[in-house]
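Worksheet: one structure, shown below.
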Amino acid sequence: MGSITAYESADGRRYRVRYRKPDHSQTDKRGFRTKRDAEEFLHMVELSKARGSYVDPALARVNVETWARDWLKSQAQLKPTTLVGYESALSKHIIPRWGRRSLSDIGYAEIQHWVSDLSKTLAPQSVRNIYAVFSLVFSFAVRDGRLVRNPAEGIQLPRRIKAKRGYLTHVQVHRLADECGDSRTLVLFLSYTGLRWGEAAALRVRDVDFTRRRVEVARAVSEPAGRIVFGTPKTHARRSVPFPQFLVDPIAEACKDREPDDLLFPSPNGDVIRAGNFRSRTLASAVQRVQQADSSFPRVTPHDLRHTAASLALSSGANIKAIQGMLGHASATMTLDVYADLFPDDLDSVAAALDLAAQRHLVTRDDAASPTLPTNPPHVVGLGS
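Quick note on numbering: UniProt numbering labels position 173 of the sequence shown as 173, and the sequence is numbered without any gaps.
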């Protein structure tokens, strides 16, 4: 058991707690204003030692900047774009606010106030991204035995605001593609295969299988901090994606006079086509021209062409599992969650299908005791059990 002693300081009487750590070395903590505060601290220390959850306070005195930098170094296995996002959150928002503070000095209430302040000037998703990085830093400290718990757990975050997606019809896709000039095939390809921009930009001529009408997605390109970096697709998994028959000739033309390792959709100078250039110089201007003739034409980004592919596939009757494979989602559940807005009338469809099934069941049921059944029964119990 530890001991408590009083001492005089410039601010008056204070109390020091001496105790032994689990390794039997002795340490102390001073500065308690009342003896009761010191006793409560000592009690918590002894209780944590008994439970095996003791954390040496000295380990938690490291400041946030130092610990965040160490955490970032441990994330080398992540994709470059993810690391750049983490670094941006740290340098712009987290370190300026918390960098000099010790891990142990930061509490839940402070973090909640900070998140609320960020929400006044930043978009909900931006706030969520910054908070996620901050929470990961503390989780890393918990796993390292520097903190007993993560003070950022349970923070109330701003609600996500889902932007309206620019789903295009078949007619709109072709109209937009025609306005994109030399990028016509690329726009059609994105709109009917659902590849992410980085996956399409990284495709090589040899990735196209005309016999099966497939492209093999084995790599992707990203632009962290403006650098071109080739890596694996988002889920790190290869996949085979079909393309429709009407794209065979345009893609064959794109492959003409090119070597197997040449890019399928290069920039005018033969390099990787950059997303920003395509969006601002090609797609945005094409959308603007179409909107001048048709004000109902939606705003479209390169990623909206991926959403369009999902929408057109669903409307054609493709099943969710097939669409999941085409899009490269980790699960069919993820596909359903992402595109829940494409099923606005599902509840009505379910009710209609159940009504039809009930009617058929009642009409065909052999029930001698009830030779005449109502056409529209007000209540049905136990059907289809």
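The C-beta atom is built at its ideal place from N, Cα and C for all residues, glycine as well.
Identity of the residue in the options nearest residue i by Cα
i      : options                        : result
PHE32  : ILE4, SER25, ASP23             : ILE4
GLY2   : LEU203, GLN26, PHE265          : GLN26
ALA16  : ARG101, LEU42, SER240, ARG360  : Here the sequence assigns Arg to residue 16, which means Ala is not the residue at that position. The residue with the shortest Cα to Cα distance from ARG16 is LEU42.
ALA340 : ILE94, ALA109, VAL205, SER311  : SER311
ARG306 : TRP71, GLU253, GLY166, PRO233  : GLY166
MET326 : TYR192, GLY181, SER135, LEU356 : TYR192
LYS234 : ASP209, THR81, ARG100, GLY270  : THR81
VAL241 : LEU190, PHE230, GLU8, ASP337   : LEU190
VAL173 : PHE343, VAL187, ARG212, GLU40  : VAL187
VAL217 : LEU203, ARG360, ARG128         : LEU203
ILE106 : GLU87, SER91, VAL148, GLU40    : VAL148
HIS24  : ARG13, LYS49, GLY226           : LYS49
LYS256 : VAL208, PRO124, SER349, ALA322 : VAL208
LYS35  : ASP28, TRP71, ARG14            : ARG14
ARG239 : GLN359, ARG219, PHE246         : ARG219
PRO298 : MET334, GLU8, ARG175           : ARG175
ASP144 : ARG51, PHE246, ASP70           : ASP70
LEU122 : LYS92, GLY181, GLU8            : LYS92
Local Cβ density within 10 Å of residue i, reported as buried at 16 or more and exposed below that
i           : result
residue 386 : Any answer about residue 386 is impossible in this case: the structure gives the chain only from 1 up to 385.
HIS170      : exposed
ASN319      : exposed
ALA6        : exposed
PRO378      : In this prediction, PRO378 scores a pLDDT of 46, lower than 50, which makes its location untrustworthy; no coordinate-derived value is stated.
SER267      : exposed
PRO22       : exposed
GLU199      : buried
GLN77       : exposed
LEU373      : Because LEU373 carries a pLDDT of 46, less than 50, the predicted location of this residue cannot be relied on, and no value is offered for it.
ASP294      : exposed
PRO244      : exposed
TYR357      : The sequence shown places Ala at residue 357, rather than the Tyr named in the question. By the neighbour-count rule (16 or more Cβ atoms within 10 Å), ALA357 is not buried but exposed.
ALA304      : First, the residue type needs correcting, since residue 304 is Asp and not Ala in the sequence shown. ASP304 is buried by the Cβ-count criterion.
GLY382      : Bear in mind that the predicted position of GLY382 carries a pLDDT of just 40, short of 50, making it unreliable; the figure below should be weighed with that in mind. With fewer than 16 other Cβ atoms within 10 Å, it is exposed.
SER354      : Here the sequence assigns Leu to residue 354, which means Ser is not the residue at that position. By the neighbour-count rule (16 or more Cβ atoms within 10 Å), LEU354 is not buried but exposed.
GLY194      : buried
ALA352      : exposed
ALA38       : buried
ALA177      : buried
ALA368      : Reliability fails at ALA368, whose pLDDT of 47 lies under 50, so the model's placement of it is uncertain and the value that follows must be treated cautiously. Per the 10 Å Cβ criterion, exposed.
SER183      : buried
8 Å Cβ shell around residue i - same chain, five flanking residues per side excluded
i      : result
SER331 : GLN324
ALA237 : GLY328
VAL45  : GLY2, VAL17, TYR19, TYR54
VAL127 : VAL115, LEU118, SER119, LEU157, PRO158
PRO302 : LEU190, TRP197, ALA275, PHE278, ARG279, LEU283
ALA322 : ALA313
LEU103 : ALA60, ARG61, VAL62, ASN63, VAL64, TRP67, PHE138, ALA141, ARG146, LEU147
Proximity below 7 Å, CB of residue i to CB of residue j
i      : j      : result
VAL64  : TRP98  : yes
THR185 : PRO250 : yes
ALA60  : ARG146 : yes
ARG258 : VAL215 : no
ALA89  : ILE155 : no
SER135 : ALA152 : yes
ARG279 : GLU179 : no
GLY231 : LYS79  : yes
LEU336 : LEU314 : no
LEU263 : ALA254 : no
PRO124 : ILE161 : yes
Contacts around residue i, its chain only, beta-carbon distance under 6 Å, and the 5 residues preceding and following it disregarded
i      : result
VAL272 : ALA201, VAL221, ILE228
VAL287 : VAL300
ARG20  : GLN26
LEU168 : THR308
PRO57  : none
ALA10  : none
Own chain, CB closer than 7 Å to residue i, minus 5 neighbours either side, in chain order
i      : result
TRP114 : ARG97
VAL248 : PHE210, ARG213
VAL84  : PRO224, ALA225
GLY163 : For clarity, residue 163 is Ala in the given sequence; the question names Gly instead. Cβ neighbours of ALA163 beyond the five flanking positions: none.
ILE111 : PRO151, ALA152, ILE155
TYR86  : LEU72, GLN75, VAL133
ARG101 : ASN63, VAL64
Any C-beta of chain D under 7 Å from that of residue i
i      : result
ALA237 : Any reference to chain D falls outside this structure, which holds one protein chain only.
Worksheet entry | Inter-stretch contact at 8 Å, needing at least 3 Cβ pairs: the region 140 to 154 / the region 279 to 289 | no
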